[in-house]
Each structure stands twice: as C-alpha cells, then as structure tokens.
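**Q**
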Amino acid sequence: MFADLHMHTTFSDGTFSPEEMAQAAHRHQLACVALTDHDTVAGCARMAAECARLGIEFVQATELTGEVDGVEVHILGYFLDPTDAHFLSNLVKFQRARQQRIHEMAARLQAQGIPLQAEAVFAIAKCESPGRPHVARALVQAGLCGSMDEAFERFLKKHRPAWVPKFKISAYEAIELIHHAGGVAVIAHPALNKSDDIIPPLVEAGIDGIECFHTRHSTAASQHYLLLAEHYGLAITGGSDCHGMNKGRPLMGGIKLPVIHVRQLEARARAIREKTLAAA
Ligand code: AMP
Ligand code: ZN
Ligand code: FE
Ligand code: FE
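Residue numbering for the sequence shown follows the numbering used here, starting at 4 and increasing by one per position.
As structure tokens, this is what we get:
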C-alpha cells in the first residue's frame, strides 16, 4: 500500500487533468494520492471523484510558496478544509499575484521585441494559478521559441530578461494559514532548498512534516532528511511532484511512500483540529 503526496494538474502548472492524474495513479497501483496544485484547491473535487471511482484514497492539499530569511521554501498543506473562507480568500490573493506576474513577464518580453501578449498565456493556462511553464508554452505555440527549454534558457530562468521574482509570503504565515484551515504543513523537497538552516525556525514555527522522498532527492538526501525528521519529531512524507508532461515525462510512480506515513500525517491533522476546537 503506497502513496504519492505531491502532484500538479491543469489547475496549476501540470498538463494532466485531475481525472487523468487519478488514472495515472491507478495504473501505478497507488493506494493514496494528494493533489498539491500551486495556490489552489480548485482541482480537488474532480480528482476526489475520479479517485473514489477508482478506489484510491484522496487527500485534499495545496503547495504554497513561502520564504524564510529571503530563502524560498515551498510549504505543502494536507488534510485542509477546502471550503475554509479565510484560506480561500488568501489563495485568491496568491492567484492574483501570479496573474500579475504573467502581465509583467509579457511586458518584459515585449521590451525585448518578443510580441507575446499576457492574454495568450492565460488562454493556454486556463486556470487561476498560471506560472512560467505556461509562458514557455505560449512562446512555443506562437513560434517565438523552438522549445520550452529554449524559452526558459533565453527568457524565463532566474536573471534572464523576462524573469520576474515570484510573490512569496512568509513561510510562517503559510504554516499559520494551513493550520487555520485544519491542515498539516510540510516542508517540500528540502534538498532543493539552498540550505538546511531554515529548518529549525520552521520547526519552531510549528511545521508538522518534511518531504523526505521526492523525485529530485538522491538516496543519500532522503536518508539525511529521514534522520532530520526523527531528530525534530516531524512526520515523513514523499511525492513525485508529477506535472504531467511538463517535466519531459510523467513522474508518477517514481515515489512510493508507505501509507503508514499518511495515517501519521492524518493523526497530526486531527490533533490540530482538536486543539483549534478546544481553543475556540
Ligand atoms: P514558477 O513557479 O512560475 O516560477 O515556475 C516554476 C516551474 O517552472 C517549475 O515547475 C519548474 O519545474 C518549471 N521549469 C523550470 N525550468 C524549466 C525548464 N527549463 N523547462 C520546463 N519547465 C521548467
Ligand atoms: Zn509546479
Ligand atoms: Fe515545489
Ligand atoms: Fe510541486
């Protein structure tokens, strides 16, 4: 019995619909999946329905972009209430910032003599949480770049002409928002962060878990974060970060987290909700 707790659909920067993602999980014989679209839970209802049809456990989730001391850190939220009004109004704020960033990237491209309109990006993204992969796809579709890689290399990578820094909230605020919505907060792909120095302050701020297993983690990195999880008493999670075809190939099936970790994560979420109820 295995889980994959990290993936993105067409509701953010993935290329599979929620139904296609659930079907891919089914082909890989996963027992449990979590949808972690960036700054949205809008795809969760559809994926939950398809998972129910296929006999797969579904976990409501999202991935937020935070920062600690200027260092970007992605915070995953699991078992949160997708109807929590305070949480949803914050997601809308993050989505607006993403849309504004697309306008800024289009303006920068135009300043480089590349005639790409923000509307062309939105027409491709067709979602509330657009990102750089949508800009890259729009550049390719308009014949302005030969490939998505070329689009990133020439324009979109950090410090390239059309790069615009991403809107980030404080990681502490991200943890708080997730807890407020009854969920657990998890540090995403820690080996991709600049350093482990951000982990102690996140523990101090009440982070609940750490993504020890991830497609881009080496075996040694996973081992290292398993030891840190033990040291700090954090729940262990893992996920493929599948983006459909956006990362060259679907990454689904590459991470198989024993479901016991999902049960432990769920127990922590229950404890958070009980604490919140008791305080109210
Ligand atoms: P954003 O969140 O809008 O800054 O975009 C980040 C996304 O762009 C991540 O999902 C990356 O995997 C993706 N990305 C970064 N570099 C490339 C690349 N060369 N080709 C395709 N996708 C990329
Ligand atoms: Zn993504
Ligand atoms: Fe991430
Ligand atoms: Fe992700």
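For glycine and all other residues, C-beta sits at the position ideal for the given N, C-alpha and C. Quantities reported herein were computed from a predicted structural model and do not represent experimental measurements.
With H, G and I counted as helix, E and B as strand and the rest as coil, what does DSSP make of residue 7?
**A** Strand at residue 7.
**Q** Report the rounded CA-to-CA distance for residue 41 versus residue 15, giving the unit in angstroms.
**A** Whole-angstrom Cα-Cα distance: 6 Å.
**Q** Please report the distance separating the alpha-carbon of residue 129 from that of residue 163.
**A** Those two C-alpha atoms are separated by around 25 Å.
**Q** Okay, do the region 161-179 and the region 250-265 touch, 3+ Cβ pairs below 8 Å being the bar?
**A** No, the region 161-179 does not touch the region 250-265.
**Q** Mind listing, in chain order, the residues whose beta carbon lies closer than 5 Å to a non-hydrogen atom of ligand 3?
**A** Those residues, listed in chain order, are 77, 191.
**Q** Quick check on DSSP: helix, strand or coil for residue 113?
**A** Residue 113 falls in the helix class under three-state DSSP.
**Q** Is the separation between the beta-carbon of residue 32 and that of residue 51 shorter than 9 Å?
**A** Cβ distance not < 9 Å, so residue 32 and residue 51 don't count as in contact.
**Q** What residues in its chain sit with their C-beta under 8 Å from that of residue 229, if we drop five residues either side in the sequence?
**A** Counting only Cβ-Cβ distances below 8 Å, and skipping sequence neighbours, we find 215, 239.
**Q** Going straight from the alpha carbon of residue 245 to that of residue 47, what length do you get?
**A** Approximately 15 Å between the Cα atoms of the pair.
**Q** So is the beta-carbon of residue 65 under 8 Å away from any non-hydrogen atom of ligand 1?
**A** No; taking the cut-off as 8 Å, the Cβ of residue 65 has no heavy atom of ligand 1 nearer than that.
**Q** Pick helix, strand or coil for residue 201, following the three-state DSSP scheme.
**A** Helix.
**Q** Among 12, 159, 72, which has the Cα closest to the Cα of residue 204?
**A** Ranking 12, 159, 72 by Cα distance to residue 204 puts 72 first.
**Q** Report the residue ranges of all beta strand (DSSP E) runs contained in full by the region 68-126; include only those spanning at least 3 residues, in chain order.
**A** Qualifying beta strand (DSSP E) stretches, in chain order: 74-81.
**Q** How is residue 187 classed by DSSP in three states: helix, strand or coil?
**A** Strand at residue 187.
**Q** Which residues in the same chain as residue 141 place their Cβ atom closer than 7 Å to its Cβ, once the five residues preceding and following it in sequence are excluded?
**A** Cβ neighbours of residue 141 beyond the five flanking positions: 119, 123, 124, 127.
**Q** Using a threshold of 9 Å, state whether the C-beta atoms of residue 189 and residue 117 are closer than that.
**A** Against a cut-off of 9 Å, the Cβ pair of residue 117 and residue 189 comes out as no contact.
**Q** Since residue 241 and residue 217 should fall inside the 8 Å C-beta cutoff, what is the C-beta to C-beta distance between them, to a whole number of angstroms?
**A** The pair is a contact, with the Cβ atoms about 7 Å apart (cut-off 8 Å).
**Q** Under the DSSP definition of a beta bridge, which residues are partnered with residue 15?
**A** Paired residue(s): none; residue 15 is not in a bridge.
**Q** Check the C-beta distance from residue 148 over to residue 157 and give it rounded, since I have them as a contact under 8 Å.
**A** Contact flag correct, Cβ pair sits at about 7 Å.
**Q** So, helix, strand or coil for residue 148, using DSSP?
**A** Residue 148: coil per DSSP, three-state reduction.
**Q** Could you tell me if the beta carbon of residue 204 falls within a distance shorter than 8 Å of some heavy atom in ligand 1?
**A** No, Cβ of residue 204 sits at least 8 Å from all heavy atoms of ligand 1.
**Q** Run through DSSP, which three-state label would residue 218 get?
**A** DSSP places residue 218 in coil when its eight states are reduced to three.
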